[in-house]
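Novice:
Residue numbers (my numbering): 1013 to 1461.
Structural data, given as structure tokens:
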């Protein structure tokens, strides 16, 4: 019995009391940045993020990842190529030597390599962490050879957003903030042409309260290439013994949506942004989001029982899109035929004449109208109400007086279209005092309410 008990204790000791496993605990004041370095990687831990860069060769394009420290979810992955070509490139299968520098405002990780394919050249990836959710990435080239070299960097950022059920992408195209599902926007060609349509140099992918954003100040081209953004950053021609550094790329990974990314671009980077190559006219004011596919009616106002107008179909992507357009209105459905978009900035305009119900039968001044665009992938529906503002008679203009509180009398001007009466007070900066519509049975302008 004693032997059996001893054997049981020995078995329990070997199974239940395993050797301890030591896990580093990073604890310090708010804003602290901790560095781990092994043969496999260099890792920086901030209040909110964990940034990990592998050091051995890791395929065609070296990369680093950014993970949310609070949840363990991967937020983004950033990779690069030196070329052209970029995949594979001159730095494919390179190993990296890390150098860490600190200053009063942040920490910089320099990952250095000497690619065998370009003799005498040293290439550095510079990752700087200053804010809790912000990173800056730059690339440096040192030409130690005896001849000049002309090279570019392809820097691609993928939004992983682990844990997000469905994400959207936002960027400013031709002056409008476009927001749409990430599985269909953007679809810029390669070479994209997308860069020429971007009015502000940022793009964001977001969902479930988390966002990944890319902000740049100077890029020769911008493509998507199945990533959030693929930037082409030129070094130019680097003379023997010379050094060149690309403009910085800012990466935001943290809470918020596209507004968080745009506000950081406006406050920190907009003064650095070039208006040549990748971006058109900068727009710094408040923005209203639009879908990548938008349908509008040029003149949503009718006079009498008929409206002659046009339907405009705008597609913010570069790839052509073909679909069938239908106009649904109180009298039925009108087939406007097939349309094919020609890319961003080239709306397709379809003329349309629509008959409305007689005024005496409905008394309506506004009519629910919608435009439907049916493509091979999905169907889009846009409400575009039509407002009847007159019946074709000349607009009547009368001048009168109105008594206000305190017995003060003000002169009024009344505009009567036959279907709407507008009363304005000129001495009060043209303030509209009343909007009146007539009863459908009223005649000679009587019966307004």
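Positions of the beta carbon are idealized from the N, C-alpha and C atoms, including for glycine.
All figures in this text were calculated on a predicted structure; none of them were measured in a lab.
(1) Report yes or no: is there a C-beta of chain B within less than 8 Å of the C-beta of residue 1036?
(2) Between the segment 1043-1050 and the segment 1073-1089, do three or more beta carbon pairs fall short of 8 Å?
(3) Of the choices 1053, 1082, 1314, whose alpha-carbon is the least far from that of residue 1108?
(4) Looking at the structure shown, is residue 1439 part of a helix, part of a strand, or coil, going by DSSP?
(5) Exposed or buried, what is residue 1329 when buried is set at 16 or more other beta-carbons lying within 10 Å of its beta-carbon?
(6) Measure the C-alpha to C-alpha separation of residue 1414 and residue 1394 and round it to an integer number of angstroms.
(7) Taking the continuous alpha helix (DSSP H) assigned at residue 1275, which residues delimit it?
(8) For residue 1155, write down the residues that DSSP places opposite it in a beta bridge.
(9) If you drop the 5 nearest sequence neighbours on each side, which residues of the same chain put their C-beta closer than 7 Å to that of residue 1443?
(10) Give a yes or no on whether the C-beta atoms belonging to residue 1164 and residue 1088 are separated by under 8 Å.
(11) Between the segment 1248-1268 and the segment 1300-1317, are three or more C-beta pairs nearer than 8 Å?
(12) Could you pull the DSSP bridge partners for residue 1242 from this structure?
(13) With a cut-off of 8 Å, do at least 3 Cβ pairs link the segment 1223-1238 to the segment 1119-1129?
(14) Is it buried or exposed, residue 1280, if we count other Cβ atoms within 10 angstroms and call 16 or more buried?
(15) Which word fits residue 1433, buried or exposed, when buried means at least 16 other C-beta atoms lie within 10 angstroms of its C-beta?
(16) Applying the criterion that 16 or more other CB atoms from any shown protein chain within 10 Å of the CB defines a buried residue, is residue 1427 buried or exposed?
(17) Is there contact between the segment 1313-1333 and the segment 1344-1364, where contact requires at least three CB pairs shorter than 8 Å?
(18) So the candidates are 1316, 1188, 1180; which of them puts its Cα closest to the Cα of residue 1213?
(19) By the three-class DSSP mapping on this structure, what secondary structure does residue 1070 have?
(20) Do the segment 1174-1187 and the segment 1213-1222 meet, that is, are 3 or more Cβ pairs less than 8 Å apart?
(21) Does the beta-carbon distance from residue 1056 to residue 1138 come in below 8 Å?
(22) How would you label residue 1173, buried or exposed, when you count the other beta carbons within 10 angstroms and need 16 or more for buried?
(23) For residue 1347, which residues in the same chain have their Cβ closer than 7 Å to its Cβ, ignoring the five residues on either side in sequence?
(24) In whole angstroms, give me the CA-to-CA distance for residue 1439 and residue 1425.
(25) How is residue 1282 classed by DSSP in three states: helix, strand or coil?
(26) Jot down the residue ranges of each uninterrupted beta strand (DSSP E) in the segment 1314-1393, minimum 3 residues, whole runs only, in chain order.
(27) According to DSSP, is residue 1447 helix, strand or coil?
(28) Would residue 1043 and residue 1059 qualify as a contact pair, given that the criterion is a beta-carbon distance under 8 Å?
(29) If I follow the unbroken beta strand (DSSP E) through residue 1121, where does it start and stop?
(30) How many Å lie between residue 1449 and residue 1430 at the Cα?
(31) Go through its chain and collect everything with a Cβ distance to residue 1392's Cβ below 6 Å, but skip five positions before and after it.
(32) Can you give the Cα-Cα distance for residue 1145 and residue 1030, rounded to whole angstroms?
(33) In its own chain, which residues sit with a C-beta less than 7 Å from the C-beta of residue 1407, not counting the 5 before and 5 after it?
(34) Any idea if residue 1209 is buried or exposed, counting beta-carbon neighbours within 10 angstroms, 16 or more meaning buried?
(35) Name the DSSP bridge partner or partners of residue 1037?
(36) Within 10 angstroms of its Cβ, does residue 1090 collect 16 or more other Cβ (buried), or is it exposed?
Specialist: Well, looking at it:
(1) Going by chain labels, chain B is absent from the structure shown, which holds only one protein chain.
(2) no
(3) 1053
(4) When DSSP states are grouped into helix, strand and coil, residue 1439 belongs to the helix group.
(5) It is buried - the Cβ of residue 1329 has at least 16 other Cβ atoms within 10 Å.
(6) 42 Å
(7) Start and end: 1270-1276.
(8) 1133
(9) 1436, 1437
(10) no
(11) no
(12) In DSSP, residue 1242 forms a bridge with 1168, 1235.
(13) A contact between stretches requires three or more CB pairs, one per stretch, nearer than 8 Å, and the segment 1223-1238 fails this requirement with the segment 1119-1129.
(14) exposed
(15) Classified as buried, residue 1433 has 16 or more neighbouring CB atoms from the shown chains inside 10 Å of its CB.
(16) Classification for residue 1427: exposed.
(17) yes
(18) 1188
(19) In the structure shown, residue 1070 sits in coil (DSSP, three-state: anything other than H, G, I, E or B).
(20) yes
(21) no
(22) Counting Cβ neighbours within 10 Å, residue 1173 comes out buried, since at least 16 surround it.
(23) 1338
(24) 10 Å
(25) helix
(26) As far as the segment 1314-1393 is concerned, its whole beta strand (DSSP E) runs of at least 3 residues are 1318-1327, 1334-1341, 1344-1352, 1360-1367, 1382-1387.
(27) Judged by DSSP in its simplified three-state form, residue 1447 adopts strand.
(28) yes
(29) From DSSP, the beta strand (DSSP E) with residue 1121 extends over 1119-1125.
(30) 9 Å
(31) 1305, 1385, listed in sequence order.
(32) 38 Å
(33) 1427, 1428, 1429
(34) buried
(35) Beta-bridge pairing links residue 1037 to no other residue.
(36) buried
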